[in-house]
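Below you'll find the structure, written out as C-alpha cells, and then a few comments.
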Amino acid sequence: MSGFFNIFIIPGGLLLIFMLFSLIRLILGPTVPDRIVALDTINTLVVAGMILVGAAYEEVIYIDVAIVYALLSYIGTLYVAKYLEGGSEK
Amino acid sequence: MGTLLAVLYILLGIGVFFNGLGSVGLLRFPDVYTRLHAATKATTFGSIFTSLAVIIYGFSRWNITGDSNFRVLALHTIVALICLIITNPTGAHAIARAAHRSGIMPKQAVIDELKEAKLK
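Residue numbers (numbering that gives the first Met the number 0), protein chains in the order written: chain A, 0 to 89; chain B, 0 to 119.
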C-alpha cells in the first residue's frame, strides 16, 4: 500500500532535516554541554525517525534497532555527563 | 480507513511540529539551560506522538488484515516508546547537573542560589 508508505516516509524526511539543524548546534556550540544537548537531541530524533521508517517499509527489525539505539545513546549521555561533572570537582 | 488516515495525519502533524520546535529552539536560545529545556522536552513530546501514530497504525492494520507482522510492529514500538520515555528525562537531568557542576551560569544570571546552598 503506497499511500501508507508516503504518510510515514515524509515525516521521516522532515525529522532528517531537523537532525541537520541540531547538527549545526553540535558544530557551533560554544561549550561542551551545548554539544551534549545537541547530541542528545539528535539521538532522540534518530530513534523517532527509525520507528517511522520501520513503519513505512513494514520491517520490524528497524524498531528493534531503535530500542537498542535508545538504550546505548542513554548510556553514552550519562557517561559523558559523569565525565564532565568529575572533571570539575578535582 | 478514512478515520485511520485522519488520526494518523493529526498525530504525525503534532509530532513533527513539536520535533521542529525543539530543534529550532536548540538553535535560537541563548544558553545551555534554555537549550536543554527546548530540545529535551519538545523532542520527547513529539516522539511520543509519532510513536503513537505507528502504534495505532500497527493495531489497525492487524485488525483489518489479520497479519501478525503488524501486531509485532505495534508491540515493539510500545517497548521503544517506554525506553524513550524513561531514558530521555534522566539524561536531561544528568546533563543539567553536569553543566552546573562544571561552572556554567545561565545567561544574565546575577546570583546562584544552588551554589550558595552548598548541596552535595
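Backbone N, C-alpha and C define an ideal beta-carbon position, used for all residues, glycine too.
Any beta carbon from chain A within less than 8 Å of S50(B)'s own beta carbon? yes
By a C-beta neighbour count over all protein chains shown, 10 Å radius and 16 as the cutoff for buried, is N87(B) buried or exposed? buried
DSSP state of F28(B), grouped into three classes? coil
Mark T64(B) as exposed unless 16 or more other C-beta atoms lie within 10 angstroms of its C-beta, in which case mark it buried. exposed
Pair within 8 Å by beta-carbon distance, I94(B) and P32(A): yes
If you pair each beta-carbon of the segment 29 to 43 of chain B with each one of the segment 70 to 86 of chain A, do three or more pairs fall below 8 Å? no
Mind checking the segment 27 to 50 of chain A against chain B and listing, in chain order, the residues whose C-beta falls within less than 7 Å of any C-beta there? T30, P32, D33, I35, V36, A37, D39, T40, T43, L44, V46, A47 and I50
Which residue from R100(B), P105(B), V23(B) and L11(B) puts its Cα closest to that of T39(B)? V23(B)
Determine the direct distance from the alpha carbon of L74(B) to that of D66(B), and round the result to whole angstroms. 14 Å
Residue burial classification, N42(A) (beta-carbon count within 10 angstroms, cutoff 16): buried
Determine the direct distance from the alpha carbon of M104(B) to that of L11(B), and round the result to whole angstroms. 37 Å
Taking one C-beta from the segment 55 to 63 of chain A and one from the segment 13 to 20 of chain A each time, how about it: are there three or more such pairs within less than 8 Å? no
The segment 5 to 39 of chain B: positions lying closer than 8 Å to chain D by Cβ: No chain D appears in this structure, whose protein chains are A and B.
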